[in-house]
Each structure stands twice: as C-alpha cells, then as structure tokens.
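The structure appears below as structure tokens.
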Amino acid sequence: MVRLLATGAAATSRLSEVEIVSALARRARAGDVAPADAQRAVAALSGDLSALHIVELLPEVTVQARALLQRHPLRAADAIQLASCCYLVEQLGEPVPFVAFDDRLRAAARAERLRVLPLRLSRAGSARA
C-alpha cells in the first residue's frame with residue numbers, strides 16, 4: 131500500500147463501488163441519465179477501480195467510522211469514507227488529502243485535521259480554485 135500511494139495513486143473505500151452504482155441506477159431511474167449510459171458507466175467501473183488503491187472495510191476502519199459518528203453529524207457511508215482516509219493516514223504516517231463535496235463531510239474531515247480538497251466549493255457545490 132505504501133509503495134502504491136507514494137507514486138501519487140489515488141485511494142478510495144470499497145464502499146465507493148456500491149455508492150457509484152447506486153447513484154447511477156438512481157439517476158437512470160429518475161431519467162437524469164440514459165439507461166444505456168448508466169450501464170456503460172457501470173461496466174467501466176471495474177477498470178476505473180483497478181487504477182485506485184481500495185481501502186477494504188477492515189475492522190479498524192469500521193471502529194474508526196463508529197467513533198466518527200459519535201463526534202460528527204455524518205451519515206454512515208460518509209463516516210466509512212472518512213474513516214478510510216484516516217486509516218490511510220495512520221498506515222502511511224503522512225498526510226493524505228481527502229476529496230469531498232458534502233459540507234458536513236468536509237467539516238468533519240477538517241475537524242479530524244485532514245487536508246480537504248477542493249479547497250472551496252461554490253454555492254452549487256461545484257469545485258472552485
């Protein structure tokens with residue numbers, strides 16, 4: 131893991147795989163995304179995930195997520211994402227940037243002393259320099 135991340139590779143929680151498929155299916159059902167486009171995106175997901183280091187849902191991650199839920203007003207999935215980053219920081223012994231677009235999750239990450247990217251969000255929730 132250390133060698134992979136030292137090369138600048140990105141990492142994500144195993145939960146991301148489920149969250150991405152959930153979001154695509156929900157958007158396709160709502161008519162926001164064409165079903166064929168959603169299916170293509172899901173099919174491409176395996177290749178995309180293979181380019182990332184996956185943080186598995188280890189007991190250490192779930193214990194950390196439970197503690198985060200006691201300290202911050204997070205949803206369970208957000209706590210797992212944040213705990214996964216905290217776990218990486220512990221394993222690597224160096225800072226790991228945390229990318230998030232949800233205000234509550236960003237605030238919790240900052241409270242946990244993580245560097246949060248993007249640095250600022252516009253009111254619509256999109257990244258700003």
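Each number in the working numbering corresponds to the 1-based position in the sequence shown with 130 added. Built from N, CA and C at the ideal position, the CB exists for glycine as well.
### Query
What number of angstroms, rounded off, separates the C-alpha of M131 from the C-alpha of C216?
As a position in the sequence shown, residue 131 is number 1, starting the count at 1. As a position in the sequence shown, residue 216 is number 86, starting the count at 1. Bear in mind that the predicted position of M131 carries a pLDDT of just 43, short of 50, making it too unreliable to give a figure here.
### Query
Do three or more CB pairs link the region 191-200 to the region 149-159 at distances below 8 Å?
At 8 Å Cβ cutoff, the stretches do not touch.
### Query
If you follow the beta strand (DSSP E) that S143 is part of, which residue opens it and which one closes it?
Position 13 of the sequence shown, counting from 1, holds the residue named residue 143. Per DSSP, S143 belongs to the beta strand (DSSP E) from 141-143.
### Query
Where are the beta strand (DSSP E) runs, 3 residues long or more, that stay fully inside the region 135-201, in chain order?
You should have 141-143, 183-185.
### Task
Let me know if A139 comes out buried or exposed under the rule of 16 or more other beta-carbons within 10 Å of its beta-carbon.
The residue you call residue 139 lines up with position 9 of the sequence shown. It counts as exposed.
### Query
Who does V246 pair with in a DSSP beta bridge?
Numbered from 1 along the sequence shown, position 116 holds the residue referred to as residue 246. DSSP output for V246 lists F228 as bridge partner(s).
### Message
Nearest by alpha-carbon distance to I150: which of S176, L249, A160, A166 is it?
### Response
Within the sequence shown, residue 150 is the residue found at index 20, counting from 1. The shortest C-alpha separation from I150 is found at S176.
### Message
Distance check for D232 and Q211, CA to CA, integer angstroms please.
### Response
As a working mapping, residue 211 is identified with position 81 in the sequence shown. As a working mapping, residue 232 is identified with position 102 in the sequence shown. In this structure, the straight-line span from the alpha carbon of Q211 to that of D232 is close to 12 Å.
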